[in-house]
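Residue numbers (the numbering used here), protein chains in the order written: chain A, 1 to 129; chain B, 1001 to 1137.
Report on the following structure.
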């Protein structure tokens, strides 16, 4: 990998059933990820994906690009909700660019979108080369 | 009710040690559509430990989980998590601000193994809507 390399965009479908499975596996049973009424009661547009679900998709993309390289740092802000409809799916798209390769560490800048809207703020990862 | 400012700097008790099993790592990986063929857990797996610590913190402070929205999360890893690890997380409240009726809570959780060795540290910003409305993420 070299600075400036653009990595192959990864796309992932997200359904309500995925959120149920993720809640079970992660232990995060916040009802805003399951229950429309609760989500709306706290001002959300509907049931939203766990921020950590979306971040896990970003981490999946990093693992795909780097063939499972060891992750040293991973971070993002959750700037826009991924609203998941009761039926059907939404698509989360993860793009990436190599920012730097230094001292055995590769820094990646990511772009994570849903319906053309950025959903994570400044998502980035640093992996061992 | 806003969260008490005196919490800043306070550490909560370590979460009960939890064994990382291959089955659970697989369940976590598959829950986000990934595959798990053994070896290190997915990079966001330590959230399982950090979330346990956060839940204990929210319970101790009588904060409703459904009023919490995630603002930011960062991980810094000393090593990957592996099946067989027995891990615990210790949460510290790092910062606390009030903006427009919301508490912005900055936490750090240190994940350690059974020997007390540092595995990773993760920081989270939690947005607490004490009176409902206004959350957007």
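Just so it is clear, CB atoms sit at the ideal spot from N, CA and C, and this is done for glycine as well.
DSSP three-state label for residue i, please.
{"i": "residue 58/A", "result": "helix"}
{"i": "residue 121/A", "result": "strand"}
{"i": "residue 78/A", "result": "strand"}
{"i": "residue 1114/B", "result": "coil"}
{"i": "residue 50/A", "result": "coil"}
{"i": "residue 1130/B", "result": "coil"}
{"i": "residue 1089/B", "result": "strand"}
{"i": "residue 1015/B", "result": "coil"}
{"i": "residue 66/A", "result": "helix"}
{"i": "residue 126/A", "result": "strand"}
{"i": "residue 7/A", "result": "strand"}
{"i": "residue 102/A", "result": "strand"}
{"i": "residue 1082/B", "result": "coil"}
{"i": "residue 1007/B", "result": "helix"}
{"i": "residue 20/A", "result": "helix"}
{"i": "residue 1025/B", "result": "helix"}
{"i": "residue 42/A", "result": "coil"}
Tell me the DSSP bridge mates of residue i?
{"i": "residue 33/A", "result": "The partner list for residue 33/A (beta bridge, DSSP) is empty, contrary to what the question assumes."}
{"i": "residue 1074/B", "result": "75/A and 1123/B"}
{"i": "residue 1096/B", "result": "1105/B"}
{"i": "residue 108/A", "result": "98/A and 125/A"}
{"i": "residue 92/A", "result": "12/A and 114/A"}
{"i": "residue 1069/B", "result": "1127/B"}
{"i": "residue 83/A", "result": "48/A"}
Item to check | Continuous alpha helix (DSSP H) assignments of at least 4 residues falling wholly in the segment 1034-1064 of chain B | outcome: Listed in chain order, they are 1047-1060.
Checklist entry - Just checking, does the segment 102-109 of chain A make contact with the segment 34-43 of chain A on the three C-beta pairs under 8 Å criterion? => result no
Checklist entry - Can at least three beta-carbon pairs, one atom from the segment 1111-1127 of chain B and one from the segment 1046-1053 of chain B, be found at a separation below 8 Å? => result yes
Next on the checklist: For the segment 15-31 of chain A, list every residue whose C-beta sits within 8 Å of some C-beta in chain B, in sequence order.
Outcome noted: 18, 21, 22, 24, 25, 26, 27, 28, 29, 30 and 31
Checklist entry - the segment 49-68 of chain A: which residues have C-beta closer than 8 Å to a C-beta of chain B, in chain order? => result 50, 51, 52, 53, 55, 56, 57, 59, 60, 62, 63 and 68
Next on the checklist: Does the segment 1054-1066 of chain B come into contact with the segment 60-77 of chain A, if we say contact requires no fewer than three beta-carbon pairs (one atom in each stretch) closer than 8 Å?
Outcome noted: no
Item to check | Interface residues of the segment 72-83 of chain A facing chain B [CB-CB below 9 Å] | outcome: Those residues of the segment 72-83 of chain A that come within reach of chain B (Cβ to Cβ, closer than 9 Å) are 72, 73, 74, 75, 76, 77, 78, 79, 80 and 81.
Item to check | Members of the segment 1045-1059 of chain B near chain A, C-beta cut-off 8 Å | outcome: 1047, 1048, 1051, 1052 and 1055
Checklist entry - Do the segment 24-39 of chain A and the segment 1024-1041 of chain B meet, that is, are 3 or more Cβ pairs less than 8 Å apart? => result yes
Item to check | Touch test, the segment 1082-1091 of chain B against the segment 1005-1023 of chain B, Cβ-Cβ under 8 Å, three pairs minimum | outcome: yes
Next on the checklist: Taking 8 Å as the cut-off, does the segment 1092-1104 of chain B touch the segment 1034-1048 of chain B (at least 3 CB pairs, one atom from each stretch)?
Outcome noted: no
Next on the checklist: Taking 8 Å as the cut-off, does the segment 1067-1078 of chain B touch the segment 1031-1041 of chain B (at least 3 CB pairs, one atom from each stretch)?
Outcome noted: no
Item to check | Three-pair Cβ contact test at 8 Å for the segment 110-117 of chain A versus the segment 84-94 of chain A | outcome: The segment 110-117 of chain A vs the segment 84-94 of chain A: in contact.
Item to check | Contact residues within the segment 1006-1030 of chain B, judged by C-beta distance below 7 Å to chain A | outcome: 1027 and 1028
Checklist entry - In chain order, what residues of the segment 36-48 of chain A put their CB closer than 7 Å to some CB of chain B? => result 38, 41, 42, 43 and 44
Next on the checklist: Please list, in chain order, the residues of the segment 1075-1099 of chain B that have any C-beta partner in chain A closer than 7 Å.
Outcome noted: 1075, 1076, 1077 and 1080
Next on the checklist: Against chain A, which members of the segment 1100-1123 of chain B pass a CB distance test of less than 7 Å?
Outcome noted: none
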